[in-house]
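Structure record follows, encoded as structure tokens.
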Ligand SMILES: [Zn+2]
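In our numbering, the protein residues as written are 1 to 395.
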């Protein structure tokens with residue numbers, strides 16, 4: 001809740017009160033492909049931390065919780081930068097991610113009071129540097145790079161599930177700085193649609209005996225793809241459902257799709273979607289794990305993966321079976337591609353595109369509370385049907 005206080009009245013704020021957030025009230029960017037300056041005006045002086053990440057080359061500026069109140073058009077990618085993202089990471093932090101078209105470094109990152117007494121400005125001067133210099137900047141700080149790779153290796157200890165509960169990890173796609181797709185007519189963010197739907201599904205599952213649902217996120221915060229996998233594994237999930245509502249270039253395509261993981265995409269559309277979903281980590285300023293060859297001869301891990309894959313496919317089929325004739329599905333509604341959020345070796349995982357925000361009819365439905373209830377109900381049926389044969393097989 002927002003409280004409006006008369007001027008002069010002291011504000012009592014708690015650590016996670018929204019009024020504690022800094023306000024970035026203005027922004028500007030100017031420059032060319034050799035030098036680019038970005039200026040952000042804040043109501044108070046921010047404490048910042050900067051980092052460099054390669055592949056793609058990015059400059060990441062970490063900020064305290066910040067409300068970005070300037071117009072989007074005021075900070076459009078220009079000069080050295082091919083992409084600029086900013087937004088919240090969680091309740092206490094925010095981030096600015098500058099993707100460089102060519103290697104660049106900050107020659108200056110300075111915070112100074114505005115001459116007119118109205119707040120502080122952060123001045124970032126970026127300049128073009130040779131590739132080796134950028135590489136040196138990245139490796140010079142490598143010791144501090146966050147571990148994002150742990151989630152997907154089989155060696156991470158997995159929490160034992162409480163009692164015999166069947167644990168379902170509900171993953172609301174995107175969040176925070178990564179808003180996901182945008183609705184064609186209402187401009188609604190995918191991250192809000194996935195979170196609203198995840199909450200409905202979570203409530204429905206809470207009513208069922210023997211089932212425990214956990215959400216990877218229940219607020220508007222950023223999670224890397226491997227963090228999502230890690231949360232599912234740490235909670236002892238027996239199933240992960242990642243929820244999405246993306247856009248496609250072909251606005252006439254509509255309906256739900258269920259994806260499972262595969263090295264080779266089932267089709268061009270699936271490949272494109274996986275690429276876009278995997279881009280989430282780039283948007284959020286996360287360092288991608290270097291591709292490692294799978295360990296040759298790890299027969300146990302291989303068996304686990306194969307069994308997990310069979311369960312993932314069974315779940316996808318259960319979803320299609322439950323949706324068929326009830327809501328619209330695209331042609332060949334079970335598809336597969338290399339989605340990073342689905343790569344837990346030991347947690348059956350599906351990614352569900354509820355519909356496409358690029359299609360006006362789908363967009364209307366995605367925002368319709370009645371439709372959401374119906375689809376969540378159908379998904380619960382699919383989960384029940386998926387569970388049955390497993391138990392019949394003693395799994
Ligand atoms: Zn998505």
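Each residue gets a CB set at the ideal place from its N, CA and C atoms; glycine is no exception.
Using DSSP with H/G/I as helix, E/B as strand and the rest coil, what is residue i?
i, result
"residue 333", "strand"
"residue 62", "strand"
"residue 275", "helix"
"residue 188", "coil"
"residue 214", "strand"
"residue 203", "helix"
"residue 270", "helix"
"residue 197", "helix"
"residue 370", "helix"
"residue 69", "coil"
"residue 357", "coil"
"residue 171", "strand"
Looking at the secondary structure, which residues open and close the alpha helix (DSSP H) in which residue i lies?
i, result
"residue 260", "Premise fails: residue 260 lies in the beta strand (DSSP E), 256-261, not in any alpha helix (DSSP H)."
"residue 243", "No alpha helix (DSSP H) contains residue 243, which is instead part of the beta strand (DSSP E) from 239-244."
"residue 310", "299-323"
"residue 282", "280-283"
"residue 231", "225-234"
How big is the Cα-Cα spacing for residue i and residue j?
i, j, result
"residue 314", "residue 236", "20 Å"
"residue 216", "residue 231", "6 Å"
"residue 287", "residue 53", "6 Å"
"residue 271", "residue 203", "32 Å"
"residue 341", "residue 383", "19 Å"
"residue 42", "residue 112", "10 Å"
"residue 374", "residue 299", "42 Å"
"residue 51", "residue 244", "30 Å"
"residue 387", "residue 210", "11 Å"
"residue 226", "residue 337", "17 Å"
"residue 206", "residue 173", "20 Å"
"residue 82", "residue 353", "28 Å"
"residue 128", "residue 284", "22 Å"
"residue 199", "residue 170", "9 Å"
"residue 401", "residue 73", "In this structure the chain extends from 1 to 395, so residue 401 is not present and cannot be described."
"residue 134", "residue 88", "26 Å"
"residue 23", "residue 368", "33 Å"
"residue 233", "residue 317", "23 Å"
"residue 166", "residue 308", "15 Å"
"residue 377", "residue 259", "19 Å"
"residue 125", "residue 31", "9 Å"
"residue 350", "residue 380", "14 Å"
"residue 71", "residue 84", "13 Å"
"residue 75", "residue 247", "24 Å"
"residue 49", "residue 63", "7 Å"
How would you label residue i, buried or exposed, when you count the other beta carbons within 10 angstroms and need 16 or more for buried?
i, result
"residue 219", "exposed"
"residue 190", "buried"
"residue 319", "buried"
"residue 325", "exposed"
"residue 79", "buried"
"residue 97", "buried"
"residue 33", "exposed"
"residue 345", "buried"
"residue 249", "exposed"
"residue 355", "buried"
"residue 140", "exposed"
"residue 118", "exposed"
"residue 303", "exposed"
"residue 221", "buried"
Kindly indicate the opening and closing residues of the beta strand (DSSP E) around residue i.
i, result
"residue 349", "349-353"
"residue 127", "120-128"
"residue 24", "22-31"
"residue 139", "No beta strand (DSSP E) holds residue 139; the alpha helix (DSSP H) holding it covers 131-140."
"residue 112", "104-113"
"residue 83", "81-90"
"residue 51", "49-53"
"residue 99", "93-100"
Under a CB-based cut-off of 8 Å, is residue i close to chain B?
i, result
"residue 386", "Among the protein chains of the structure shown there is no chain B, as only one such chain exists."
Sorry if obvious, but does the Cβ on residue i come closer than 7 Å to a heavy atom of ligand 3?
i, result
"residue 173", "The model depicted lacks ligand 3 and carries ligand 1 instead."
- Message: For the pair the stretch 186-197 and the stretch 89-108, tell me if three or more CB-CB distances fall below 8 Å.
- Response: no
- Message: Tell me whether the stretch 322-330 and the stretch 261-268 touch, counting them as touching only if at least three CB pairs, one residue from each stretch, are closer than 8 Å.
- Response: no
- Query: Do three or more CB pairs link the stretch 271-288 to the stretch 174-194 at distances below 8 Å?
  - Reply: yes
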